[in-house]
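These notes concern the structure reproduced below.
Number of protein chains: 2
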Amino acid sequence: MFPRDSFHLITKDGLPLLPLVPTWTVCIVKSVDEPLYQRIADDLRRRIARGDLPVGAALPSESQLCEQWAASRGPVRQALSALRAEGLIGGGRGRPPVVRTSRVPQPFETLLSFSRWAHSLGRTPGQRTLEIARRPARQEVADALAIDEGDPVVDLVRLRLLDGRPTMIERTTFVESVGRLLFDVAFDPDSSSIYAYLAERGVDLSVARHVFDAVAADPTDASLLEVPEGAPLLRERRRAGSASGEPYEYSDDRYRPDVVTFTIENAEQAHPSVARAWRPTPADNNQTHPK
Amino acid sequence: MFPRDSFHLITKDGLPLLPLVPTWTVCIVKSVDEPLYQRIADDLRRRIARGDLPVGAALPSESQLCEQWAASRGPVRQALSALRAEGLIGGGRGRPPVVRTSRVPQPFETLLSFSRWAHSLGRTPGQRTLEIARRPARQEVADALAIDEGDPVVDLVRLRLLDGRPTMIERTTFVESVGRLLFDVAFDPDSSSIYAYLAERGVDLSVARHVFDAVAADPTDASLLEVPEGAPLLRERRRAGSASGEPYEYSDDRYRPDVVTFTIENAEQAHPSVARAWRPTPADNNQTHPK
DNA sequence: TGGGAGCACTTGTCATGACAAGTAGCCTCG
DNA sequence: CGAGGCTACTTGTCATGACAAGTGCTCCCA
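The listed protein sequences derive, respectively, from chains A and B.
Note that our numbering gives residue 165 to position 165 of the first sequence, counting from 1, and the numbers run on in steps of one.
Note that our numbering gives residue 553 to position 262 of the second sequence, counting from 1, and the numbers run on in steps of one.
Structure below.
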């Protein structure tokens with residue numbers, strides 16, 4: 001299915017081999033089959049993330065990049081424009097592009113999958129499945145999934161843990177055609193990531209809409225999340241579906257606000273980026289208050 | 292200061308005059324001095340927003356756009372790529388671009404300014420200034436503004452109303468150089484928008500970071516927002532500053548979650564868009580539950 | 001009638017060349 | 001010594017041409 005990758009050598013600066021490079025070490029990168037402008041962009045991203053190009057530093061000029069990659073201005077400008085759209089670089093007419101931030105934007109999946117997010121943080125996700133059932137859709141769920149009230153759906157309720165601590169209650173409803181897959185013997189809701197599992201089965205979740213508000217913990221929430229009844233919880237209601245807009249799942253997730261926050265970064269020029277953030281407990285960040 | 296705009300006629304379809312157009316009405320658009328690819332993008336955006344190109348419809352092919360605008364593929368592709376980045380259109384190799392949604396992304400300011408947001412919703416914002424004071428910075432604020440604890444700052448506490456109903460408590464702290472402007476006789480905190488006022492004075496707020504969580508209403512919050520003590524509130528902590536990253540303001544805003552929510556729309560391909568959403572009260576949307 | 005080859009058309013990628021517009025540094029002149 | 005102009009260099013915009021890769025359709029043949 002995947003094209004066989006071919007490889008080539010590049011220097012430790014991420015540049016193709018050129019006579020003027022004095023010393024170099026070897027690393028291997030995916031090469032052909034990926035368009036040139038993407039290889040250029042990936043390389044610049046990597047150099048920014050690694051700190052070779054610190055914040056405030058000027059990138060090589062377009063003509064220099066053209067020489068280094070033996071490319072014309074087209075692909076080089078395409079790469080720079082991609083970085084600009086991600087907010088990584090600034091600059092403008094007459095002055096060379098400048099590194100604005102080294103933060104790499106979180107990919108789409110990170111906001112969707114709790115497991116994937118936890119792993120990207122270097123923490124260990126856990127989960128306890130409380131209920132999985134096939135039942136008729138309630139009104140609110142039917143509206144969100146664009147089906148009729150009473151149509152069969154699959155409900156899944158899970159308590160999600162972070163490093164063993166209760167963090168979130170997830171009440172997800174899948175349309176029947178997708179939820180059916182969760183009853184497969186191959187699926188173990190307590191060990192694997194649902195989204196990874198569904199992706200393997202050809203379910204493409206590619207658009208999502210998240211609505212945030214706050215609710216008070218009801219008795220069930222309170223005992224599972226180990227907070228007092230009535231404590232404020234951060235609620236995310238999520239509807240996700242295919243690229244064509246067909247909804248596949250609706251979820252009501254309630255977070256302990258002392259463990260998880262959501263962050264939006266916003267600039268006049270660049271596109272906004274969103275991220276789920278983990279908040280260290282007071283015991284953890286004792287004496288480590290940021291300067 | 293501004294270049295004198297020149298104008299030209301285009302048909303009701305937004306196309307330049309061509310002999311093959313049978314009927315047309317006149318409208319005036321800004322023309323020269325704006326690059327071609329932006330004029331093309333603006334025109335397509337307008338046609339999508341007006342419904343001339345409904346969701347699901349295919350856009351003209353690149354070669355057609357080239358003919359219509361007497362342009363080469365460069366600017367046309369630049370325009371399409373801009374729309375694609377905004378999530379307005381989809382499509383790919385071999386198939387013509389397709390309108391994905393007609394929703395125009397909210398500009399940067401809408402998430403920053405309560406007044407601006409309310410107006411864009413067609414609702415009337417209100418505000419009651421509870422406190423404005425110059426005092427030494429607390430620890431948390433000093434950290435956020437990158438100044439030393441005890442440095443002078445300007446605190447502003449306002450109750451914000453939507454259609455006369457209490458909606459949000461805003462506790463904003465400005466660095467002294469910016470906050471000083473709020474004591475000017477020309478500024479009336481109860482009538483004008485702070486951000487519009489500051490922008491006039493040359494304060495450029497162009498990057499912001501918003502962190503969302505939930506808190507319980509303390510006695511002050513409760514009485515001002517007219518909710519029970521301990522009720523869950525949606526909290527947004529915001530840090531905003533100049534393009535170079537210098538922070539100007541830090542704010543702790545607490546919303547009634549039954550009035551305001553925040554929404555993130557997220558897709559695998561396009562950049563995320565964020566928006567503040569107004570939630571009609573149960574009395575308002577009685578019998579108008581969405582199908 | 002069904003399936004596959006072929007074809008027309010689409011978008012994706014890249015090269016080359018040209019000019020406009022903005023920046024920063026140098027240098028001259030008052 | 002300061003102000004202004006000049007120049008080299010940068011990025012922004014656009015034209016033209018070419019080929020690769022994917023889609024959808026027709027048409028032919030088994």
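Note that beta-carbon positions come from the ideal geometry of N, C-alpha and C, so glycine has one too.
It should be emphasised that the depicted structure is a prediction, and the values quoted were computed from it without experimental measurement.
Let me check understanding here. Comparing Cα to Cα, which of GLU540(B), GLY536(B), GLU559(B) lies closest to ALA433(B)? GLU540(B)
So with Cβ pairs under 8 Å, would you call THR316(B) a contact of chain A? The pLDDT assigned to THR316(B) is 28, lower than 50, so where the model puts this residue is not dependable; a value taken from the coordinates is nonetheless given after this. Cβ-Cβ to chain A under 8 Å: no for THR316(B).
For VAL312(B) and GLN359(B), I'd like the C-alpha separation in whole angstroms. Its pLDDT being 29, under 50, VAL312(B) is placed unreliably by the model, and the measurement read from it follows with that caveat. Near 11 Å, if we compare the C-alpha coordinates of GLN359(B) and VAL312(B).
When DSSP labels each residue in this structure, what does ARG73(A) get in the three-state scheme? helix
Any idea if TRP474(B) is buried or exposed, counting beta-carbon neighbours within 10 angstroms, 16 or more meaning buried? According to the sequence shown, residue 474(B) is Phe rather than Trp. Answer is exposed; the Cβ neighbour count stays below 16.
In whole angstroms, what is the alpha-carbon distance linking ILE194(A) and LEU452(B)? 42 Å
Is the region 456-470 of chain B close to the region 426-442 of chain B, with three or more CB pairs under 8 Å? yes
Relative to the C-alpha of GLY164(A), which candidate in GLU226(A), ARG100(A), ARG238(A), GLN78(A) has its C-alpha closest? GLU226(A)
When you compare only the Cα positions, how much space is there between ARG337(B) and ARG209(A)? 24 Å
Select from ARG330(B), ARG391(B), GLY385(B) the residue whose C-alpha is nearest the C-alpha of ALA370(B). ARG330(B)
Pick out whichever of ALA243(A), ILE169(A), PRO35(A) has its Cα sitting closest to the Cα of LEU159(A). ILE169(A)
Given 8 Å, three or more beta-carbon pairs between the region 252-272 of chain A and the region 80-87 of chain A: yes
Would you call the CB atoms of ALA355(A) and PRO247(A) closer than 8 Å? Residue 355(A) is absent from the structure shown; chain A starts at 1 and stops at 291.
Could you name the residues of chain B that THR261(A) contacts, counting a contact when the two beta carbons are closer than 7 Å? VAL502, PHE503, ASP504
If the criterion is Cβ atoms closer than 8 Å, does the pair ILE132(A) and PRO189(A) meet it? yes
Can you find a C-beta in chain A that's less than 8 Å from the C-beta of PRO548(B)? yes
To the nearest angstrom, how far is the alpha carbon of GLY470(B) from that of HIS410(B)? 25 Å
Per DSSP, what kind of secondary structure is THR101(A) in: helix, strand or coil? coil
Cα-Cα, which of THR458(B), ARG528(B), PHE553(B), ARG545(B) is closest to ASP213(A)? PHE553(B)
CB-CB length for ARG547(B) against THR401(B), believed under 8 Å: Going by Cβ atoms, the distance from ARG547(B) to THR401(B) rounds to 19 Å, so no, they are not a contact pair.
Using 8 Å as the threshold, is the C-beta distance between VAL99(A) and PRO54(A) below it? yes
For the candidate residues GLU556(B), ARG567(B), ASN557(B), ALA534(B), whose alpha-carbon lies nearest to that of VAL550(B)? ARG567(B)
Shorter than 8 Å from the beta carbon of LEU344(B) to some beta carbon of chain A? no
Please name the residue in ARG237(A), ALA196(A), GLY202(A) whose C-alpha comes closest to that of GLU556(B). ARG237(A)
Are ALA82(A) and ALA41(A) close, meaning C-beta to C-beta below 8 Å? yes
Identify the continuous alpha helix (DSSP H) that holds ARG336(B) and give its terminal residues. 327-341
I'd like to check one pair, TYR37(A) with PRO97(A): are the Cβ atoms closer than 8 Å? no
Beta-carbon neighbours of PHE478(B), restricted to chain A and to distances below 9 Å: Under the 9 Å cutoff, chain A gives no residues; its nearest Cβ is about 23 Å from PHE478(B).
Whole-angstrom distance between ASP343(B) and GLY521(B), CA atom to CA atom: 50 Å
Check GLU527(B) in the structure and name its three-state DSSP category. strand
Can you check whether the C-beta of VAL367(B) is within less than 8 Å of a C-beta belonging to chain A? no
Let's see if you can read the secondary structure: which residues bound the beta strand (DSSP E) around ARG425(B)? 416-427
So, helix, strand or coil for HIS271(A), using DSSP? coil
Apply the 10 Å Cβ neighbour rule to THR101(A) and answer buried if 16 or more other Cβ atoms are within range, or exposed otherwise. buried
Where the alpha helix (DSSP H) containing VAL178(A) begins and where it ends: 176-179
Looking only at its own chain, which residues have a Cβ that is under 7 Å from the Cβ of LEU412(B), when we skip the five neighbours before and after it? TRP569
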